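Read through the structure below, which is laid out as structure tokens, and then see the notes.
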Amino acid sequence: MNIVIAIDGYSGTGKSSTAKQVASRLGYTYIDSGAMYRAVTYFFLKNKVDFNKEKYLDESLRKCSIAFEGSSILLNGVNVDHEIRTMEVNENVSAVSAISEVRSKLVEQQRKMGEERSVVMDGRDIGTVVFPEADLKIFMTADVDIRAERRRRELEKKGIHESIQTIRKNLEERDLLDSTREDSPLTKASDAKEIDTSHLTLNQQIDKIVALAESIIYAS
Ligand code: DC
């Protein structure tokens, strides 16, 4: 049986690392929807698109093609895995992802990707908007200080050095913008299972979700 697993939650709760491993354990396709919003943000910044001027947006968005090649993200055919993880992108991605034209383009693409495959998709609106009928919905939370420290270590591994204060501020700002925007705000779907990852290891998070998924797969 093909099932769709939707994983939503706050920034830095470990959604992407967890979702990727859950998909690999189940033999499913992993789709990082946040990477898609990041790629559009990077495209706007690189091409100096003033994304607050709505009249040019549709035209710019038509020139912005996003695809996955394995776990890598391609922007107009070019791998931008590293470019989309900078602080500049972090600081602009919530504003870009609040734009309805951007959301409708990406949501349409995400639904197509989930149509015929068994997928694990992580993001902010996957269980509420993209796949409201998802078989399993997870909502991940964690203490903000723990999230900031995890993100700092993650960035450090990539050679990006940022202070814990800057990272924490960015996480808090993104949480606020993502939860209060008009179009598809970050919110827990009523039928989502909440997992607080503050005191869980990555493997514990993965085990919990795989167990939930298997109980659905084997029950059918
Ligand atoms: O998961 P992430 O931190 O890479 O996501 C980056 C931003 O993209 C996040 O701050 C909000 C936005 N986003 C969104 O609005 N909807 C999604 N489904 C995924 C991400």
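Numbering follows numbering that gives the first Met the number 0, in which position 136 of the sequence shown is assigned residue number 135; successive positions increment by one, without gaps.
Glycine is no exception: its CB is placed at the ideal position from the N, C-alpha and C atoms.
These numbers were taken from a predicted model, which means no experiment stands behind them.
1. Is V119 helix, strand or coil by DSSP?
2. What would DSSP say about Y29, mapped onto helix, strand or coil?
3. List the whole-angstrom C-beta distance separating D7 from D124, where the pair is believed to meet the contact cut-off of C-beta under 8 angstroms.
4. Are there three or more Cβ pairs, one per stretch, closer than 8 angstroms when the segment 164-176 is compared with the segment 133-153?
5. Between the segment 173-187 and the segment 40-50, do three or more beta carbon pairs fall short of 8 angstroms?
6. Below 8 angstroms, can you find three or more Cβ-Cβ pairs linking the segment 176-194 to the segment 7-26?
7. Below 8 angstroms on the Cβ atoms is my contact criterion, and I expect G33 with S15 to pass it. Report the Cβ-Cβ distance as a whole number of Å.
8. Please determine, among V119, E153, I159, the residue with the shortest C-alpha to C-alpha distance to R24.
9. Cα separation between V106 and R84?
10. Can you tell me the Cα-Cα spacing of Q108 and Q20, whole angstroms?
11. Any heavy atom of ligand 1 closer than 8 angstroms to the Cβ of R146?
12. Quick one, are the C-beta atoms of F67 and L74 less than 9 angstroms apart?
13. Give a single yes or no on whether K19 has its beta carbon closer than 8 angstroms to a heavy atom of ligand 1.
14. Tell me N8's beta-bridge partners as DSSP assigns them.
The short version:
1. Counting from one through the sequence shown, the residue named residue 119 turns up at place 120. Here V119 sits in strand by DSSP.
2. The sequence position of residue 29 within the sequence shown is 30, counting from 1. In this structure, Y29 counts as strand in the three-state DSSP scheme.
3. Taking the first residue of the sequence shown as position 1, residue 7 is located at position 8. Taking the first residue of the sequence shown as position 1, residue 124 is located at position 125. In this structure D7 is in contact with D124, their Cβ atoms being roughly 7 angstroms apart against a cut-off of 8 angstroms.
4. yes
5. Too few Cβ pairs lie closer than 8 angstroms, so no.
6. Three or more beta-carbon pairs separated by less than 8 angstroms link the segment 176-194 to the segment 7-26, which places the two stretches in contact.
7. Your numbering for residue 33 matches position 34 in the sequence shown. Your numbering for residue 15 matches position 16 in the sequence shown. Yes, G33 and S15 are in contact; Cβ-Cβ is about 7 angstroms, under 8 angstroms.
8. Your numbering for residue 24 matches position 25 in the sequence shown. Closest option to R24, Cα to Cα, is V119.
9. In the sequence shown, residue 106 corresponds to position 107, counting from 1. In the sequence shown, residue 84 corresponds to position 85, counting from 1. The alpha-carbon atoms of V106 and R84 are separated by roughly 21 angstroms.
10. For this step, residue 108 is matched to residue 109 along the sequence shown. For this step, residue 20 is matched to residue 21 along the sequence shown. C-alpha separation (whole angstroms): 23 angstroms.
11. Start at 1 with the first residue of the sequence shown, and residue 146 comes out as number 147. No, since every heavy atom of ligand 1 falls outside the 8 angstroms radius drawn around the Cβ of R146.
12. As a working mapping, residue 67 is identified with position 68 in the sequence shown. As a working mapping, residue 74 is identified with position 75 in the sequence shown. Result no, Cβ atoms of F67 and L74 do not sit closer than 9 angstroms.
13. Along the sequence shown, one-based indexing puts residue 19 at 20. No, since every heavy atom of ligand 1 falls outside the 8 angstroms radius drawn around the Cβ of K19.
14. What you label residue 8 is simply residue 9 of the sequence shown in a count that begins at 1. Before going further, note that residue 8 is Gly rather than Asn in the sequence given. Its beta-bridge partners are M139.
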